[in-house]
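Note that our numbering numbers the sequence shown so that position 137 is 144, with each residue one more than the last. Backbone N, C-alpha and C fix where the C-beta goes; we use that ideal spot for every residue, glycine too.
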Amino acid sequence: MSVLKIGLIGDIVGRAGRNMVVDNLSEIRKKYKLDFVIANAENASGGFGLNIKNANELLSAGIDLITGGNHSFDKMEITAVMGRDLESSVDSVCKNGLDSSVEFVESKVKSSTDSAKIAESSPKSQDSSPDSPTFQMFNLSQNLTKSSFIMPILRPLNFPPKTPGSGICCINLGGEKIAVINIMGHYGINMNLDNAFYKLQNAVSAVKKLGFDNIIIDFHGEASSEKRAAFCMLRGEISAFFGTHTHIGSDDLHIQNGSFYVSDLGLCGAFDGVIGMDYKAPLQKAMSGFGKSRYEVANSNNNILQMVILTLENAKCVEAFKLRILNNKELDIINAIRL
Numbered sequence: 008m009s010v011l012k013i014g015l016i017g018d019i020v021g022r023a024g025r026n027m028v029v030d031n032l033s034e035i036r037k038k039y040k041l042d043f044v045i046a047n048a049e050n051a052s053g054g055f056g057l058n059i060k061n062a063n064e065l066l067s068a069g070i071d072l073i074t075g076g077n078h079s080f081d082k083m084e085i086t087a088v089m090g091r092d093l094e095s096s097v098d099s100v101c102k103n104g105l106d107s108s109v110e111f112v113e114s115k116v117k118s119s120t121d122s123a124k125i126a127e128s129s130p131k132s133q134d135s136s137p138d139s140p141t142f143q144m145f146n147l148s149q150n151l152t153k154s155s156f157i158m159p160i161l162r163p164l165n166f167p168p169k170t171p172g173s174g175i176c177c178i179n180l181g182g183e184k185i186a187v188i189n190i191m192g193h194y195g196i197n198m199n200l201d202n203a204f205y206k207l208q209n210a211v212s213a214v215k216k217l218g219f220d221n222i223i224i225d226f227h228g229e230a231s232s233e234k235r236a237a238f239c240m241l242r243g244e245i246s247a248f249f250g251t252h253t254h255i256g257s258d259d260l261h262i263q264n265g266s267f268y269v270s271d272l273g274l275c276g277a278f279d280g281v282i283g284m285d286y287k288a289p290l291q292k293a294m295s296g297f298g299k300s301r302y303e304v305a306n307s308n309n310n311i312l313q314m315v316i317l318t319l320e321n322a323k324c325v326e327a328f329k330l331r332i333l334n335n336k337e338l339d340i341i342n343a344i345r346l
C-alpha cells in the first residue's frame with residue numbers, strides 16, 4: 008500500500024512566522040514522520056513577498072515546497088530562483104497528450120549553491136542527496152536548461168502568460184508521484200487573472216495524464232465560497248485542497264470521497280496582531296479613513312504555527328488533523344470530519 012504523510016502550513020508572516028517554522032518544524036517532521044511539507048510563504052519577508060535569503064531559510068528549516076499568491080512578486084528578486092515560463096503547457100497536455108512540446112525542468116536540491124550566492128548568506132544550506140525529492144516544473148521554452156529551476160517555489164497558475172515562475176510542481180518522492188497546484192481566487196482580488204476553475208480542471212487532467220495521482224491544491228483567495236465550489240468540482244479527483252490568504256484558520260476540515268478540504272489553514276506568525284500585522288495601522292485607518300498604506304509585521308510575544316497533517320493512501324486522504332503550536336508549545340489537535 009502506498010502511504011504518504013504530508014504537512015501543510017498556512018501563510019507565514021514575517022520574522023515571527025519564520026521563527027516558528029525554524030524553531031518547530033524539524034521536531035514536527037520527526038514526531039509525525041512527515042514525508043513532505045508545503046507552506047505558503049508569500050508574506051514571509053516583512054509581511055509582503057518573499058526574498059531569496061528568507062526562502063533559503065525556510066527551505067533549510069524543513070519546508071519542501073513554497074506556494075504563493077497575490078504577494079508572490081512583492082520582492083522581485085525571487086524571480087531569479089523560480090521555475091520559468093509555464094505558458095500553455097497544461098492546456099497542451101490536455102488537448103494533445105504527451106508530446107515534444109512539453110518538457111520538464113528538474114532539480115534534486117532544495118537550496119542550491121547558486122541561490123546561496125544570490126542571497127549572499129545561506130543558513131543551514133542543504134546539499135543534494137540520493138534521497139532528495141526530484142522536482143519537475145511544466146515548461147514550454149526549448150531554450151531553458153535544467154539549471155534554470157533553482158528553488159521549489161510556486162506562484163498561482165492563473166497569473167497572466169509570461170509571468171515568471173510556475174503554478175504546478177510535480178514531485179517524484181521515492182517512487183511516489185505528487186503534484187502540487189497553486190491557484191488564485193477572484194473575489195476581492197484586483198488582479199488580471201485567468202479563470203481559476205477552468206485552470207484547475209485542465210491542470211488536474213494534465214497531471215493525471217502524466218501519472219501524478221497524489222494531487223494537492225493551494226487555493227489562495229478571500230472567499231470561502233469560491234474555495235468550496237472549486238473543491239466540490241474536484242472532490243474525488245484530488246487528494247487535498249487547502250485554502251490560504253485570509254490568515255484566519257477555519258475549523259471546517261473534512262474528508263469526502265477521499266479528498267481533504269479546509270477553507271483556510273490560518274496564520275503562522277504573530278497571533279495577537281491583525282492577521283500577523285501590527286494592529287495600529289488598520290485601527291487608525293478604520294477609525295479615521297486614513298492610515299499607513301503599508302502595514303508592518305507585529306512585534307509579538309504570542310506567536311502561532313498552524314499546520315494540517317494528512318495521511319494519503321493510494322492517493323486518497325484517509326486521515327487529517329490540525330496541529331497548533333503557540334509560543335513553541337503544542338496545543339490541542341483538531342481532527343477532520345469524515346463525510
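Top-ranked residue by Cα proximity to I347, from G24, H254, N209 and L241 | Residue numbering for the chain in the displayed model covers 8 to 346; residue 347 lies beyond these limits and cannot be assessed.
Mind reading off the beta-carbon distance from K12 to K38? Whole number of angstroms is fine, and I expect it under 8 Å.
-> The Cβ separation is near 11 Å, so there is no contact.
Classify M294 as buried or exposed, calling it buried when 16 or more other Cβ atoms lie within 10 Å of its own Cβ.
-> exposed
So is G218 buried or exposed if we call it buried at 16+ other beta carbons inside 10 Å?
-> exposed
From which residue to which residue does the beta strand (DSSP E) around C177 run?
-> I175 to L180
At least three beta-carbon pairs within less than 8 Å, the segment 310-324 to the segment 9-29 | yes
Would the beta-carbon of E233 fall within 8 Å of that of V211?
-> no
So, do the segment 325-335 and the segment 249-266 have three or more beta carbon pairs nearer to each other than 8 Å?
-> yes
Which word fits S108, buried or exposed, when buried means at least 16 other C-beta atoms lie within 10 angstroms of its C-beta?
-> At S108, the pLDDT of 32 sits below 50, so the modelled position is not reliable and the matter cannot be decided from this model.
Thinking S252 and G276 are a contact (beta carbons under 8 Å), I'd like their distance in whole angstroms, please.
-> Correcting the residue type first, residue 252 is His in the shown sequence and not Ser. About 14 Å separates the two Cβ atoms, so there is no contact after all.
Measure the C-alpha to C-alpha separation of G14 and G21 and round it to an integer number of angstroms.
-> 20 Å
At 3 residues or longer, and completely inside the segment 205-281: list those beta strand (DSSP E) runs for me, N to C.
-> 221-227, 247-251, 261-263 and 266-269
Going by other Cβ atoms of all chains shown within 10 Å of its Cβ, with 16 needed for buried, is S79 buried or exposed?
-> buried
The beta strand (DSSP E) with D18 in it runs from where to where?
-> That residue, D18, is in no beta strand (DSSP E); it is neither H nor E in DSSP.
Pick from T74, I340, I70 and D42: whose alpha carbon is nearest that of D225?
-> T74
Hey, how far is the Cα of G283 from the Cα of N77?
-> 16 Å
Under a three-way DSSP split, which group does D30 fall into?
-> helix
When the Cα atoms are used, what is the spatial distance from K292 to V214?
-> 45 Å
Using a threshold of 8 Å, state whether the C-beta atoms of Y268 and D285 are closer than that.
-> no
Once you ignore the five residues that flank L347 on each side, which residues in its own chain have a CB closer than 8 Å to its CB?
-> Missing from the structure shown is residue 347; the chain here goes from 8 to 346 and no further.
Of the listed residues L65, A237 and N308, nearest to I45 (C-alpha basis) | L65
Minimum C-alpha distance to E337 - residue among I344, I311, N189 and C324 | I311
Report buried or exposed for T152, applying the criterion of at least 16 other Cβ atoms within 10 angstroms of its Cβ.
-> With a pLDDT of only 35 at T152, under the threshold of 50, the placement of this residue in the model should not be trusted; the figure read from the coordinates follows. Answer is exposed; the Cβ neighbour count stays below 16.
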